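A.B. asks: Below: one structure in structure tokens.
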Amino acid sequence: MKLKFKVQAYQTQAVQSVVDCFAGQSNGSGVQYRVDPGQAVAGTEQAKLFEMGFKNAELSIPQSKVLENITQVQRGQNLAISPNLATTKVCPINLDIEMETGTGKTYCYIKTIFELNKLYGWSKFIIVVPSIAIREGVYKSLQITADHFLESYGKKARFFIYNSKQLHNLESYSSDAGINVMVINVQAFNATGKDARRIYEELDEFQSRRPIDVIKGNRPIMILDEPQKMEGAKTLDSLKEFNPLMLLRYSATHKTTHNKIHRLDALDAYNQKLVKKIAVRGISVKGLSGTNSYLYLESIQVSASKPPEARIEFEVKQNNGIKRVVRKLTKGQNLFDESNGLDQYRDGYVISDINANTDTVSFTNGVELLAGEAVGDVSESSLRRIQIREAIKAHFEKEQVLFHQGIKVLSLFFIDEVVKYRDYSQDDEKGDYARIFEEEYNLALNEILTLEDTAYNAYLKGIHTDQTHSGYFSIDKKTKRLVDPETSKKSTEADDVDAYDLILKDKERLLSFAEPVRFIFSHSALREGWDNPNVFVICTLKHSDNTISRRQEVGRGLRLSVNQHGDRMDNPATVHQVNVLTVVASESYKDFVTALQRDISDSLSERPRVASETYFTGKVLKLESGDVEVTPQIAKQIYKYLLKNDYTDDVDRVAEKYHADKRNGTVAALPDELKPYAEQVFALIDSVFNEAQIPLPENDRGAKTNPLNANFEKKEFKELWNRINRKAAYSVHFDSTELVSKSVATLDTELRVAPLQYTVHRGEQEAVATYDDVKRGDAFKLTETETATERVSVHSSVKYDLVGKIAESTQLTRSTIANILKGISVAVFAQFKTNPEHFIAEASRLINEQKATCIIEHLTYDPIAETHDIDIFTSSQSKQDFSKAGAQLKRHIYDYVVTDSDVERRFVTELDTSDEVVVYAKLPRGFFIPTPVGSYNPDWAISFKQGSVKHIYFVAETKGSMSTMQLSEIEKSKINCARKFFEEINKTVDVSKVKYDVVDSYGKLMEIVG
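According to numbering that gives the first Met the number 0, the sequence shown is numbered sequentially starting from 0.
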């Protein structure tokens, strides 16, 4: 399999942030210079290699212009504005690019290399990394993206890993005119060993030259990957030796801040659905005084046909001794009887309650167990067995859903000793963990396999147990046996190149169903080498300690998965249903999540925490028609809005109430002046950090299969489903004449341009002024300030391409824009002279609104033969957290439904108790309608009793507010498209057509259905 790459907007933005910092730089093809030939014999072929080289051109723009560009980039992203260039002893230009793990940081800086070459001609780059693991990963990324970038840029980069014994690469690096990239780990020039010193020594085999002198002659651009690991004084001194043109620093966790020009942090990555969602399966040992009764509550299972069952591991007396077994038990069963009379279960171990919503089992003696808790004699070996069992169970649960979507599921175990996996003293060479794994895997497999002749059954039967797991460790070069990797005293990472090569070489192979390995054991010291996108389960079989943070623990599995074609599974409608990473922890869910959220919060320390007028002022609201700067007046309106609705506390921090209202769809309406920018204003408020914004990882034990019940088989549901399951393609055809006439009418009535304002400051010189006063600028005092309005024509030397600018903003032809401008009244057009910039921005915005309206008005759906398979209610249904579900339902097709807001919870309660409703369903994510602004997934499908209402088949969208002003433009467009879709599919239905509408309550629903 070959991984596929595609251009993604968020990565393009990261690249653009860098290249925009050098706007105005002239584009050259590299500066020719004579490479130092050393003591090469004149006239020889070897000497000719050094006659001419190409180095990066110096900056042709002054540093003041670079700073101006940087601040422009920062304003565009609402980042803190840098007052000056963050100069270091290495070089004057140091740019920070913050990107969360798993979002394609390496891809971004490789693309940045191509863009800098395309725009400015720079061609010599050095990527500096802190470890062998990252070095090998970067090299692999350069290899697998080469063809992708060749398609985009028409050229390939020449790249190599610096090796002090292969210095011929430096000669080509200097003499070649194309893009050249050297990858080097910091130890290669910053350690005390013999090989590390060679870069600074005159070497006979290098014509008595120092390698560092040849490198620095190229004036390279240096890219630092994980710079926070390379900030020692000695390292910075060494970096200076390379004579870099600039430093580009890429990391998820910068320790030292320079000029930050881009931010995509943990919160951004999750909210934009660029990384996997995290679920945690915690295991905790609960101490009960005076008991040695071993119990472990694995899970609680629910079904439509019988009461909840608890899977409990306990001890059973057998003929050959006492053995621990896992059994399904129900309310009323007595562990004393089930254990064949073991005394430890004699006193009150009768199950009194099994609660699927809270995941608890209670006994008559008062003992209560939460899923994941163990009591009694829990040894280290018992705990590891439980972890392995839970990881296997989590793997199968994911695989049963994702196999049908062509996605291979991988599970990754980190261990601290090879002998626990591969024990060469045993006849079969299996260590304890390998033996436990095979025992637990076979038990789990027997529960999963069915008698049905399915593709998944065939897949499982085709893989032998000892083929489905494999170990990735260091290999002893003499014995060829697996060994523990060596680490230095100051590092928890190994420097074993061969081990990383094996991991990276097998990266694509492991993604294929043809490869039987699904469970991987690796040494924790090789952790940094793993970034396989299809790791869905991570289990660390060692005690959590301070050397590895919880954030690092989950970091190896955050990348979004790929299918068998190498396509990234990133559809916004389903991305967090498909991509859920389960961490099997050796501590309780609560302890792991608390530590993980603390790690994430610490990483967001640079986010603003106060929602003040000062913070909002000067920020930029990005609209389709152009940027709008937040004036002090707009800032005051935002601040007062938050204050009025109790959305901030006494010290202007954003309150939990604001985030709760947003989640529930009940956020207060903005004042009229802010409504045109509603989406951007809320995004600006969201940029102020609050702990409530950190997503809470799911409790993986709370997630259970939600079985379909008898309502699913009702003919009323089948009738409803047969009406709405049609798929359709859309097309848009509209006459530009109509758009011109509508735009002219709108511009004439709504285009009002604010005249330019200017402020006059009057002051006078102080009576007495010292030298220091003059130096500080305090020799004059301000006596009067006046703001005036310029209402006459602005005579500017700037020539505006009025037609071109509006055409660019609206993506319409110059001819169409010219016709619109010719049609508007003379008085309206005359406003252009008063304030050209505002005229262009406002005209573009109004035309874009009319364009969007025309698209919706002229959009048509054409039904196609394909339909949504009814299997989307079962095969693609991911497990759900029942702690978010209410009571068992009577009329829904599932026994339980997980709701997203208070509005939905109230809606479900009333639907389920309504005599008029026969059956209803929350539509799964796989049911969506295509629209020009993205896929749309309606909320509910409802079937009413025949004769009780006018419209017996109804598809509903529930919103917290019925006001269109509180819906985003995209939401409004999707809803309008859905109306058109259902209008079209109703043409194929003779009687009992489907009604679609937006409701905010059951009462509103009944008004509509009549």
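Yeah, the Cβ is synthetic: ideal placement off N, Cα and C, and Gly gets one too. Small disclaimer: the values here were computed from a predicted structure and weren't measured.
Relative to the C-alpha of R555, which residue among F535, L442 and M568 is closest?
C.D. replies: In the sequence shown, counting from the first residue as 1, residue 555 sits at position 556. Comparing Cα-Cα distances from R555 to each of F535, L442 and M568, the minimum goes to F535.
A.B. asks: Leaving out the 5 sequence neighbours to the left and right, which residues in its chain are closer than 6 angstroms to K155 when beta-carbon positions are compared?
C.D. replies: Locating residue 155 in the sequence shown gives position 156, counting from the first residue. A145 and L149.
A.B. asks: Hey, could you find the ends of the alpha helix (DSSP H) Q636 is sitting in?
C.D. replies: Here residue 636 is taken as the residue at index 637 of the sequence shown, counted from 1. Taken as a continuous stretch (DSSP letters only), the alpha helix (DSSP H) holding Q636 covers P631 to K643.
A.B. asks: Just checking my contact of Q10 with G103 at CB under 8 angstroms: how many whole Å lie between their CB atoms?
C.D. replies: By 1-based counting over the sequence shown, the position of residue 10 is 11. By 1-based counting over the sequence shown, the position of residue 103 is 104. Yes, Q10 and G103 are in contact; Cβ-Cβ is about 6 angstroms, under 8 angstroms.
A.B. asks: Quick check on A493: does DSSP put it in helix, strand or coil?
C.D. replies: Residue 493 sits at position 494 when you count from the first residue of the sequence shown. Caution applies to A493, whose pLDDT of 45 falls short of 50 and renders its modelled position unreliable; the value that the coordinates give is listed next. The three-state reading of DSSP puts A493 in strand, counting E and B together.
A.B. asks: Comparing alpha-carbon positions, which option in S523, S511 and K541 lies nearest H564?
C.D. replies: Walking along the sequence shown from the start, residue 564 turns up at place 565. Closest option to H564, Cα to Cα, is S511.
A.B. asks: If we require 4 or more residues per run, which alpha helix (DSSP H) segments fall completely within the segment 205-246?
C.D. replies: 210-215 and 232-239
A.B. asks: With distances taken Cα to Cα, identify the nearest neighbour of V89 among I112, F159, P219 and P129.
C.D. replies: As a working note, residue 89 is residue 90 in the sequence shown. Out of I112, F159, P219 and P129, P219 has the C-alpha closest to the C-alpha of V89.
A.B. asks: Would the segment 858-868 and the segment 664-673 be scored as touching if the rule is three or more Cβ pairs under 8 angstroms?
C.D. replies: Touching, no, given that fewer than three Cβ pairs across the two stretches are closer than 8 angstroms.
A.B. asks: Beta carbon of V583, beta carbon of A393: below 8 angstroms?
C.D. replies: Working through the sequence shown from its first residue, we reach residue 583 at position 584. Working through the sequence shown from its first residue, we reach residue 393 at position 394. Yes, these two residues count as a Cβ contact at 8 angstroms.
A.B. asks: Compute the distance between the beta-carbons of I183 and Y161, then report whether it is under 8 angstroms.
C.D. replies: Taking the sequence shown and counting its residues from 1, the one referred to as residue 183 is at position 184. Taking the sequence shown and counting its residues from 1, the one referred to as residue 161 is at position 162. Yes, Cβ-Cβ distance for I183 and Y161 is below 8 angstroms.
A.B. asks: Per DSSP, which residues does W529 bridge with? Please list them.
C.D. replies: On the sequence shown, position 530 is the one that residue 529 refers to. For W529, which the question treats as bridged, DSSP gives no partner whatsoever.
A.B. asks: Please name the residue or residues paired with F980 in a DSSP beta bridge.
C.D. replies: Your numbering for residue 980 matches position 981 in the sequence shown. Beta-bridge partners assigned by DSSP to F980: none are found.
A.B. asks: Grab the span of the alpha helix (DSSP H) containing A393 for me, first residue to last.
C.D. replies: Locating residue 393 in the sequence shown gives position 394, where the first residue counts as 1. It spans E379 to L401 - the alpha helix (DSSP H) in which A393 sits, taken as one unbroken run.
A.B. asks: Excluding sequence positions up to five away, which residues of its chain have a Cβ less than 7 angstroms from the Cβ of K254?
C.D. replies: Walking along the sequence shown from the start, residue 254 turns up at place 255. Hits under 7 angstroms: Q227 and E230.
A.B. asks: Pull up the distance between the alpha-carbon of Q551 and that of V325, whole angstroms please.
C.D. replies: Along the sequence shown, read from residue 1 onward, the residue named residue 551 stands at position 552. Along the sequence shown, read from residue 1 onward, the residue named residue 325 stands at position 326. Computed Cα separation, rounded: 33 angstroms.
A.B. asks: Skipping 5 residues on each side, what residues in its chain have a beta carbon closer than 6 angstroms to that of K327?
C.D. replies: On the sequence shown, position 328 is the one that residue 327 refers to. Residues of the same chain with a CB within less than 6 angstroms of the CB of K327, apart from the 5 flanking positions on each side, are E308 and R310 in chain order.
A.B. asks: Less than 8 angstroms separating the beta-carbons of L750 and E841?
C.D. replies: Counting from one through the sequence shown, the residue named residue 750 turns up at place 751. Counting from one through the sequence shown, the residue named residue 841 turns up at place 842. It is a contact, given that the beta carbons lie within the stated cut-off.
A.B. asks: Quick one: what does DSSP say F838 is sitting in, helix, strand or coil?
C.D. replies: For the purposes of this step, residue 838 is taken as the residue at position 839 of the sequence shown. In this structure, F838 counts as helix in the three-state DSSP scheme.
A.B. asks: So L540 and F395 are supposed to be a Cβ contact under 8 angstroms. How far apart are they, rounded?
C.D. replies: On the sequence shown, residue 540 is found 541 positions in, with the first residue counted as 1. On the sequence shown, residue 395 is found 396 positions in, with the first residue counted as 1. Not quite, the Cβ-Cβ distance comes to about 19 angstroms (not below 8 angstroms), so this is no contact.
A.B. asks: Measuring straight from C-alpha to C-alpha, what distance separates V827 and D747?
C.D. replies: Indexing the sequence shown from 1 puts residue 827 at position 828. Indexing the sequence shown from 1 puts residue 747 at position 748. Whole-angstrom Cα-Cα distance: 6 angstroms.
A.B. asks: Grab me the residues of K921's own chain with a C-beta within less than 7 angstroms of its C-beta, minus the 5 sequence neighbours each way, in chain order.
C.D. replies: Locating residue 921 in the sequence shown gives position 922, where the first residue counts as 1. So the list reads V896, D938 and W939, once near-sequence residues are dropped.
A.B. asks: In whole angstroms, what is the alpha-carbon distance linking A8 and H522?
C.D. replies: Residue numbering aside, residue 8 sits at position 9 when the sequence shown is read from its first letter. Residue numbering aside, residue 522 sits at position 523 when the sequence shown is read from its first letter. Those two C-alpha atoms are separated by around 36 angstroms.
A.B. asks: What separation, rounded to the nearest whole angstrom, lies between the Cα atoms of S604 and L84?
C.D. replies: In the sequence shown, counting from the first residue as 1, residue 604 sits at position 605. In the sequence shown, counting from the first residue as 1, residue 84 sits at position 85. Going by C-alpha positions, S604 is about 22 angstroms away from L84.
A.B. asks: On the criterion of 16 or more Cβ atoms from any shown chain inside 10 Å, does K80 qualify as buried, or is it exposed?
C.D. replies: Translated into positions along the sequence shown, residue 80 becomes position 81. Sequence inspection shows Ile at residue 80; the Lys mentioned does not correspond to that position. Exposed, by the Cβ-count rule.
A.B. asks: So, at 7 angstroms on beta carbons, what are the nonlocal neighbours of E398 in its own chain, with the 5 sequence-adjacent residues on each side left out?
C.D. replies: Counted from its first residue, the sequence shown places residue 398 at position 399. So the qualifying residues of the chain are V408.
A.B. asks: If you reduce the DSSP assignment to three classes, tell me which class D422 lands in.
C.D. replies: Within the sequence shown, numbered from 1, the residue matching residue 422 stands at position 423. Coil, per DSSP.
A.B. asks: Let me check understanding here. Comparing Cα to Cα, which of T852, A727 and Y1001 lies closest to K986?
C.D. replies: For the purposes of this step, residue 986 is taken as the residue at position 987 of the sequence shown. For the residues T852, A727 and Y1001, the minimum Cα distance to K986 belongs to A727.
A.B. asks: Would you mind working out which of I974, G617, G946 and Q945 sits nearest V954, comparing C-alpha positions?
C.D. replies: The residue you call residue 954 lines up with position 955 of the sequence shown. It is I974 whose Cα lies nearest to the Cα of V954.
A.B. asks: Under the rule that 16 or more other beta-carbon atoms within 10 Å means buried, what is Y799, buried or exposed?
C.D. replies: Within the sequence shown, the letter at position 800 stands for residue 799. In summary, Y799 is exposed, with fewer than 16 beta-carbon neighbours lying within 10 Å of its beta-carbon over all protein chains present.
A.B. asks: Whole angstroms are fine: how far does the CA of A691 sit from the CA of F313?
C.D. replies: Looking up residue 313 in the sequence shown gives position 314. Looking up residue 691 in the sequence shown gives position 692. So the two alpha carbons sit approximately 39 angstroms from each other.
A.B. asks: To the nearest angstrom, how far is it from the Cα of D1010 to the Cα of R567?
C.D. replies: Residue 1010 lies beyond the stretch modelled for the chain, which goes from 0 to 1009, so this question has no answer here.
A.B. asks: Looking only at its chain, what residues have a beta carbon closer than 8 angstroms to the beta carbon of K488, apart from the 5 residues adjacent to it on each side?
C.D. replies: Reading the sequence shown from its first residue, position 489 is the one you call residue 488. Note that K488 has pLDDT 48, beneath the 50 cutoff, so the model's placement of it is unreliable and the number below is only indicative. Counting only Cβ-Cβ distances below 8 angstroms, and skipping sequence neighbours, we find nothing.
A.B. asks: When burial is assigned at 16 or more other CB atoms within 10 Å of the CB, is R890 buried or exposed?
C.D. replies: In the sequence shown, the residue the question calls residue 890 occupies position 891. It is buried - the Cβ of R890 has at least 16 other Cβ atoms within 10 Å.
A.B. asks: Taking 7 angstroms as the limit between beta carbons, can you name the residues of its chain near V72, skipping five residues before and five after?
C.D. replies: If you number the sequence shown from 1, residue 72 lands on position 73. S16, D19, C20 and I260.
A.B. asks: Going by DSSP, what residue range makes up the beta strand (DSSP E) through S95?
C.D. replies: For this step, residue 95 is matched to residue 96 along the sequence shown. Residue identity check: residue 95 is Asp in the sequence provided, not Ser. Unbroken beta strand (DSSP E) run through D95: N93 to M98.
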